[in-house]
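In numbering that gives the first Met the number 0, the protein residues as written are 0 to 397. Glycine included, every Cβ here is placed at the ideal spot set by N, Cα and C. Scroll down for the structure; my scribbles are underneath it.
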Amino acid sequence: MLTDKRILLIISGGIAAFKSLDLIRRLRDRGATVTPVLTRAAEQFVTPLSASALAGAKVYRDLFDLTDEAEMGHIELSRAADLVVVAPATADLMGKMAAGLANDLASTLLMATDKRVLIAPAMNVRMWDHPATQRNLATLQGDGVMVVGPNEGAMACGEFGPGRMAEMPEIVAAIERALGDGPLRGKHVLVTSGPTHEPIDPVRYIANRSSGAQGTAIAAALRDLGARVSFVTGPADVPPPAGVEVIPVETAQEMAEAVNTVLPADAAVFAAAVADWRVANAAAQKMKKDGSGSLPVLDFAENPDILASVSKLETGRPGLVVGFAAETHDVARHATEKRARKGCDWIVANDVSPATGIMGGSENAVTLITADGAEAWPRLSKDETARRLALRIAEALA
Ligand code: C5P
């Protein structure tokens, strides 16, 4: 089930570290390649030799090991993996991750990776309950780090409560989920997201208030169901999710070109707030006040309608094309018209009138328009809205 998957396993220094040797064995039994990394403290609990013997691979321990830097730098080491797993994750390492510290090999790899990270925390119950750990946990989850456990139970220190590392089968299952063994496995999905910036001159541009939050959540939700996601994003307020192919663009024209290079795809979700017009006479140099009081005149040209052109492709049209409609009134009616006009399969419509607080907020209330009609969803977090949409896409592609 994990055939040919490459897992970078960071073992930090807790009493649960000995269980990670069993984790290495289980992952290899499932066909994965495991590269272990030990922190200094972990070496007090397991030896590099036992980790290396079970992994059948070299163990990495030191940031400043020059031979390793020559063989494989820490950047490459962190990116050659399909998934980074931290088991056990101590309170200390979680704190470093949350703070963005990079002062040893493990923390540097975690900062340098572009892959998803799954942690299995293990620590004393008081340490787990400590506000600092809970704060760090919330930060890490906000950063997209996946967490498995800890479980409640008797602890090596004699106390009882949450803090025991998750059991091996739970960690293996979480790894399988993280590696996208879901209903969209084998499917390629394109997602556009964020605003576009249309230059006026080299330092000025026209933009809109899209934060990119909903598109980012959709890309993450599709990824979580196992899709290979190509994420074409304008300059958004939120960082792109880990574990997706990110194609950053600035203008609508760049977005249209990027979409063309990404296709073909099984499904395409156009969540970007693309500028309808660009400045046709954008200046090559910064425009200056000349003292005469004369005002610059901007000429506009229409941008390509990416959603409409992809929807109307004769060959290579994605099997499912989903557009968005931000409306301020008569949402379902306008969105139904838009679905017909653009030629897409579904429209996800939302009411962005200022009173809703949706634009830039963390919640959304959408109406899904399909060939079967309009379906009003309850007000949900943008993450939950994204999960529902991803599940519907998985059903449609099944
Ligand atoms: O026409 P309107 O901008 O309201 O349509 C919104 C939908 O069309 C969104 O899905 C948006 O991503 C897409 N769109 C596009 N290219 C444009 C304009 C809008 O893909 N130039």
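query                                                                                                      : result
Strand pairing of Pro120, partner residues [DSSP]                                                          : Ala88
Gly400 CB to nearest heavy atom of the ligand C5P below 8 angstroms                                        : This structure cannot settle anything about residue 400, because the visible part of the chain is limited to 0 through 397.
Element boundaries [beta strand (DSSP E), containing Thr366]                                               : 365 to 369
C-beta contact flag for Val347 and Ala270 at 9 angstroms                                                   : yes
Alpha carbon of Gly397 to alpha carbon of Glu169, nearest angstrom                                         : Here the sequence assigns Ala to residue 397, which means Gly is not the residue at that position. Between Ala397 and Glu169, the C-alpha separation is close to 27 angstroms.
Start and end residues, alpha helix (DSSP H) containing Leu20                                              : 16 to 28
N-terminal and C-terminal residue of the alpha helix (DSSP H) that His73 is part of                        : 73 to 78
At least 3 beta-carbon pairs within less than 8 angstroms: the segment 120 to 140 vs the segment 84 to 97  : yes
Thr191 CB to nearest heavy atom of the ligand C5P below 8 angstroms                                        : yes
Element boundaries [beta strand (DSSP E), containing Leu136]                                               : Where Leu136 is concerned, there is no enclosing beta strand (DSSP E), although the alpha helix (DSSP H) it sits in stretches over 130 to 141.
Exercise answer, beta-carbon shell around the ligand C5P heavy atoms below 5 angstroms                     : Phe269, Ala271, Val273, Asn302, Asp304, Ile305, Leu306, Gly322, Phe323
C-alpha gap between Ala325 and Ala354, whole angstroms                                                     : 14 angstroms
Alpha-carbon to alpha-carbon, Leu224 and Gly185                                                            : 10 angstroms
Alpha-carbon spacing of Thr191 relative to Val237, whole angstroms                                         : 14 angstroms
Rounded straight-line distance, which links the Cα of Gly72 to that of Arg391                              : 41 angstroms
Check whether Cys343 and Val365 have beta carbons under 9 angstroms apart                                  : no
Contiguous beta strand (DSSP E) assignments of at least 3 residues, all confined to the segment 336 to 365 : 345 to 350
Pair within 9 angstroms by beta-carbon distance, Thr2 and Arg29                                            : yes
Cα-Cα separation, Phe17 to Asn207                                                                          : 52 angstroms
Proximity of Pro194 and Ala235 at Cβ, strictly below 9 angstroms                                           : yes
Three or more C-beta pairs below 8 angstroms linking the segment 248 to 264 and the segment 154 to 166     : no
Close beta carbons around Ala41, own chain, < 6 angstroms, minus the five adjacent residues each side      : Ile10, Ser11, Gly12, Ala16
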